[in-house]
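Which chain is which? The protein sequence lines are B and F, in order. For the first sequence, our numbering gives the first residue as 4, with consecutive numbering after it. For the second sequence, our numbering gives the first residue as 4, with consecutive numbering after it. For reference, the structure discussed in these notes is given below.
Number of protein chains: 2
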Amino acid sequence: MGVKDRKLRERNQKKELILSAAKEIIEEVGIENLSIRKIANRIEHSPAIIYHYFQDKNEIVDSLLEEGYKRIVLALESLGPQDSTPEQILKESLMNYIEVALAMSEEYKIVMLSDSHVVLKHTSVLFKGASLERPAIQMLCKLLKNSYCENCSDDYVEIVAQIVWSSMFGLITRLILEGHKDKQFKQSIVEHHIDFIINSLKSMKNNGLGDAFYEI
Amino acid sequence: MGVKDRKLRERNQKKELILSAAKEIIEEVGIENLSIRKIANRIEHSPAIIYHYFQDKNEIVDSLLEEGYKRIVLALESLGPQDSTPEQILKESLMNYIEVALAMSEEYKIVMLSDSHVVLKHTSVLFKGASLERPAIQMLCKLLKNSYCENCSDDYVEIVAQIVWSSMFGLITRLILEGHKDKQFKQSIVEHHIDFIINSLKSMKNNGLGDAFYEI
DNA sequence: TTATTTTTTTGAACACTGTTCAATATAAAT
DNA sequence: ATTTATATTGAACAGTGTTCAAAAAAATAA
């Protein structure tokens, strides 16, 4: 029965067609102006057909946000080869994370500020075990273990990674929401922020914290 | 001509009536389901009349968000009398800030994540001079000057305040967006986050940083 | 008080929105 | 060729923000 396979393939192709049309429209007029009729118009079908492939508009948006999340993760993983100390690598990775996030600010904003359950399945980071499921947290944990958290328990490293990530998320979100354009200003504030974070990590290590007083 | 005064008063009263109707509707069905017709229905007028008092729906929403911002500021200023060291006062204030923000999470989310120009006139914090215009930053600067930033320049204290605030904003935003309910979990993560921040402040002071290398 | 002007209010319409559903066209299976 | 299953549509429903000419109400002038 190769027919069913083909049917399924065609169905998925049409779903992709709808999604890519939606993506184009979003790029042109923003996600707040995406509409079923605009999608239908672009793929030269009646609006009703879309409900044959998706349950509702939300499912389309959630699909695109999931795609967007994957693109963000991919972009964030694109870090050139580093041949310096683990501490420097950590700092450069943090800088890189913020830079990449700001370079795709619209997408980052929409995806990372979404409170859709579907999207949060990928974007939530404040839970025990996040270091196993979230690439960003996982990467951060690795970098921390190589630098300032060598003697910390895995549980504690995860907490520190979550703190560092949330802190950077706050900065990134403010920079995007407030619409800052001045590159020099951004550069300066980002550097200070990261220095502030690393400062804490450094003193943590020096004072031999890390394990001990961690209790959920 | 007391008539014109009365007219103006009545006009403002009707504006208030519209706004409070809108506020009620938002509390009942959420801001995403607020509509002009629902407002009109509640005040027992035709939808069109609303455009005699407001330019468009956006102006109404922005008005409410401005009100909301004022309520947030007010709530955040409600900090009981403290009779401990400046360091402890700072820490308790940070804890209090997060606690209050989480207690009014829906409002905090809507207001602080808004990218409306009107709202950002009140909520933006990442600009030079924020310590003079933003209550939260101002308060933070004062607390920092009394504790870990005694010998820092005003410019640098402002930067540190912005960093601390952004960092907490990130944590609060994640906690709200991810919809965490478990109070113990929240408590634990909040404490770790604040300890992380204070750790940096402490080492900053010990290492005699603060002035010198600040350059915009 | 009457007439005129100004302000307030409305009904109806326009151009959208998401969504549903019976009817139809197309393709597959018998 | 006929039945079954799938794909597609037109039309409608109920809602959205917004505009505008017309009507009602109130204030001012004669």
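Glycine is no exception: its CB is placed at the ideal position from the N, C-alpha and C atoms. Just so we're clear, the structure is a prediction, and the values are computed from it rather than from any experiment.
8 angstroms contact criterion, which residue i and residue j should meet: CB distance rounded
i	j	result
B/Y72	B/H125	5 angstroms
B/K17	B/Y56	6 angstroms
B/I75	B/I175	The pair is not a contact, with the Cβ atoms about 11 angstroms apart (cut-off 8 angstroms).
Neighbourhood of residue i by C-beta, 7 angstroms cutoff - its chain only, sequence neighbours within 5 removed
i	result
F/S96	L82, L146
B/G132	none
F/I42	I21, A24, A25, I28, I53
B/V103	A78, L79
F/A215	For F/A215, the pLDDT reaches just 43, beneath the cut-off of 50, and the residue's location in the model is therefore unreliable, leaving the point undetermined.
F/K60	I39
For residue j and residue i, the rounded distance between their alpha carbons
i	j	result
F/E194	F/M98	8 angstroms
B/G5	B/D198	60 angstroms
F/Y217	F/Y159	Reliability fails at F/Y217, whose pLDDT of 39 lies under 50, so the model's placement of it is uncertain and the value that follows must be treated cautiously. Straight-line Cα distance between these residues: approximately 7 angstroms.
B/I219	F/I34	Confidence at B/I219 is low in this model, with a pLDDT of 30, below 50, so its placement is unreliable and the value that follows should be read with caution. Rounded to the nearest angstrom, the two C-alpha atoms are 35 angstroms apart.
B/E70	F/E80	42 angstroms
F/I166	B/R177	11 angstroms
B/A51	B/S117	27 angstroms
B/L93	B/I39	44 angstroms
B/K186	B/L105	11 angstroms
B/R14	B/D8	10 angstroms
F/L143	F/L68	23 angstroms
F/C155	F/S206	14 angstroms
F/Y111	F/L180	11 angstroms
F/F172	F/M107	14 angstroms
B/N202	B/S191	16 angstroms
B/S66	B/H196	33 angstroms
F/E47	F/V114	29 angstroms
B/D86	B/L123	35 angstroms
B/S49	F/P138	53 angstroms
F/E109	F/V64	15 angstroms
B/R45	B/K10	23 angstroms
F/R12	B/E62	48 angstroms
F/N36	F/E153	49 angstroms
Where residue i sits in the DSSP three-state scheme
i	result
F/I46	coil
B/D185	coil
F/M107	coil
B/E218	With a pLDDT of 36 at B/E218, under the threshold of 50, the modelled position of this residue cannot be trusted, and the question is left open.
B/G33	coil
F/P84	coil
F/D8	helix
B/F172	helix
B/S96	helix
B/D235	Residue 235 of chain B lies beyond the stretch modelled for chain B, which goes from 4 to 219, so this question has no answer here.
B/Q190	helix
F/D65	helix
F/N210	coil
B/S23	helix
B/S38	coil
F/Q58	coil
Own chain, CB closer than 8 angstroms to residue i, minus 5 neighbours either side, in chain order
i	result
B/N209	none
F/S169	V128, L129
B/H183	K189
F/I140	V128, A133, S134, E161, A164, Q165, W168
B/N149	P89, I92, L93
Nonlocal neighbours in the same chain, by C-beta distance under 6 angstroms from residue i, ignoring five residues either side
i	result
F/Y151	L204, K208
Next item on the list: Could you pull out every unbroken beta strand (DSSP E) segment of at least 3 residues lying fully inside the segment 113 to 157 of chain F, listed in chain order?
Entry: none
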